[in-house]
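UniProt numbering applies: residue 100 is where the sequence shown begins, and numbers increase by one.
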Amino acid sequence: YVIKESRYSYNYVFKLVRRLDKNQHIKVLIAEDSRPTRAFIRLLLQKHLYQVLEANNGLEALDVLKDNPDVKLLITDYHMPEMDGFALVKAIRQNVDKSDLIIIGLSGEGESSLSAKFIKNGANDFLQKPFFHEEFHCRIMHNIESLELIEQIQDAANRDYLTNLHNRRYFFSKGGAQYQLAVKNGSPIAVAIFDVDKFKKINDTYGHKIGDDVLRFLAEEIQHNLLHFLVARMGGEQFCAIFPNLKNEQAVTLMDRLRSVISNTSIPIDHEDQDLDITISVGVTNYVHDSLEQQINYASELLFRAKDAGRNIVIG
Ligand code: GH3
Ligand code: MG
Ligand code: MG
Ligand code: MG
């Protein structure tokens, strides 16, 4: 197929080939009442391996979006029965913004004023019918790439640079929501705070760089053992985890397993072929306070007790 369209520039084709793999995971919805136009757009999209969904009018499009919240791109006509393209864009933009769903409006020949109106109503872009295939694909690719860039920037803002774990800000935002939901529903929720024992000594003995390597290694171990739960690096050598629907003893069991794995794993370090043994201490609590911040403070008190008790221990 790519070869057939060899009138495209080399750069474009190269970029396209790299994209095809990603496109298979991208859902595109076409809202268009003209069946031949819909079929034509579907064909163009399927050639580039997108997953394609169709709707006959705006109302149908809203239904499809409700069932498929992972749709990334909507291509919508203006003139449609039941609900037109503008009403559709307006309805969507009440609660889904431009960085979560791309909308491209379609306007017919001699309707160039519709293009500006589409944008004013919240569309990301527009295409005027009839269009060249290359223009169609360039517009779509350009918009999807912008969206992916925004997602990458958002993700980077939510992560800690050294360990790639989530950061404190994300923990309080996402974990705070999980916590409030549990408080509202009266369901159990546990939080843990944990900290490397005598980490300062590792820095003092081997240097800050090896200290950093140890934190990275530890973060992988934590991620691997607490998969499916929100974990964050709170700062320094301290980490937090939140466990919706777990009772205290279940969270204690989980954290004690992590503690045991870490204490039994030697970390290879770049220092005279040595391995390094580290341990962590943990404080675990279940719901007592109405805010996550207070709950974390409470868990920190238990962490201090774990340190007092001699370290390499979970108190909960
Ligand atoms: P305790 O068992 O009581 O937790 O002792 P500790 O030495 O682990 O605790 P302390 O709070 O005294 O020291 C923590 C050290 O962690 C001090 C600081 O230099 C180091 N640290 C904090 N952030 C980083 C980092 O990003 N990289 C490295 N290499 N070290 C860090
Ligand atoms: Mg129409
Ligand atoms: Mg420490
Ligand atoms: Mg400390």
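Here a beta-carbon is modelled for each residue, glycine too, at the ideal position from N, C-alpha and C.
Going by C-alpha positions, L161 is about 59 Å away from Y305. Shown here for F225: same chain residues with a beta carbon closer than 8 Å to its own, the five before and five after excluded, namely I203, G204, L205, S206, L213, S214, F217 and I218 in chain order. If you look at M354, you'll find it in the alpha helix (DSSP H) that goes N347 to N363. R238: member of the alpha helix (DSSP H) spanning H232 to A256, first to last residue. In the structure shown, R332 adopts extended strand secondary structure according to DSSP, grouped into three states. Contact annotation, I201 with L172: C-beta distance approximately 5 Å; criterion of less than 8 Å satisfied.
Burial check for V313: the Cβ neighbour count within 10 Å reaches 16 or more, so the residue is buried. Between ligand 1 and D376, a heavy atom-to-CB distance of less than 6 Å is absent.
Between the beta-carbon of D176 and that of E131 there is about 4 Å, and that keeps the pair under the 8 Å contact cut. Classified as buried, Q394 has 16 or more neighbouring CB atoms from the shown chains inside 10 Å of its CB. Of the heavy atoms belonging to ligand 1, at least one sits nearer than 6 Å to the Cβ of D294. Here G382 carries a strand assignment [DSSP, helix/strand/coil]. The beta carbon of N302 sits closer than 6 Å to at least one heavy atom of ligand 1.
Taking a C-beta distance under 7 Å as the contact criterion, V290 and T384 qualify as a contact pair. Comparing alpha carbon positions, the residue from A138, I125, D369 and H178 closest to I301 is D369.
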